[in-house]
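Input: a single structure, listed below in structure tokens.
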Amino acid sequence: MAIIITDECINCGACEPECPNTAIYEAADDWRYADGTDLDGNVVLPDGKEVDSNQTQEPVSDEFYYIVPDKCTECVGFHEEPQCAAVCPVDCCVPDDDHVEDEATLRAKQAFMHKE
2 MAIIITDECI NCGACEPECP NTAIYEAADD WRYADGTDLD GNVVLPDGKE VDSNQTQEPV
62 SDEFYYIVPD KCTECVGFHE EPQCAAVCPV DCCVPDDDHV EDEATLRAKQ AFMHKE
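Going from the sequence shown to this note's numbering is simple: count from 1 and add 1.
Here it is, written out as structure tokens:
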């Protein structure tokens, strides 16, 4: 399951540098699949969607920091717990019920984004 930042976010930015997948962006900032990953050029995502990983994508939120569900692995493969939730001073980084994934799926997503 991905993590989502709720509208209680105070835009402090504590979460952004903690994300090993660069899945967290400041409000209204464009994002790319390539940001902070080993992805480059045209790729087929684990869900079968074809994208140019270097192409800018529309912000998920223009009001507060946001997490890109396609890039969030809940820190699986890096840490024992989601680091955004661990550092958030207002506890607004919570599980996203609209993007539920099991640990095997999260590990596969992590391996896909970070070729080792």
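All C-beta atoms, glycine included, are put in the ideal place defined by N, C-alpha and C. These numbers were taken from a predicted model, which means no experiment stands behind them.
Opposing strand residues paired with residue i [DSSP bridges]
i: N43; result: D53
i: V95; result: I5
i: I11; result: DSSP output for I11 lists no bridge partner at all.
i: Y67; result: Y26
Exposure of residue i, with buried meaning 16 or more beta-carbon neighbours within 10 Å
i: T38; result: buried
i: N1; result: Past the edges of the chain, shown from 2 to 117, lies residue 1, and the structure says nothing about it.
i: P18; result: exposed
Continuous beta strand (DSSP E) stretch holding residue i: start and end
i: V88; result: Where V88 is concerned, there is no enclosing beta strand (DSSP E), although the alpha helix (DSSP H) it sits in stretches over 84-88.
Any C-beta of chain B under 9 Å from that of residue i
i: D48; result: Absent from the structure: chain B. Only one protein chain is present.
Host alpha helix (DSSP H) of residue i (start-end)
i: E104; result: 104-114
Counting beta carbon pairs with one atom in the stretch 99-114 and one in the stretch 37-52, are three or more of them shorter than 8 Å? yes
Would you call the stretch 14-28 and the stretch 54-74 in contact, with 3 or more CB pairs under 8 Å? yes
Touching or not, the stretch 103-110 and the stretch 82-90, by the rule of three or more beta carbon pairs under 8 Å? No, because fewer than three Cβ pairs between the stretch 103-110 and the stretch 82-90 fall closer than 8 Å, the two stretches do not touch.
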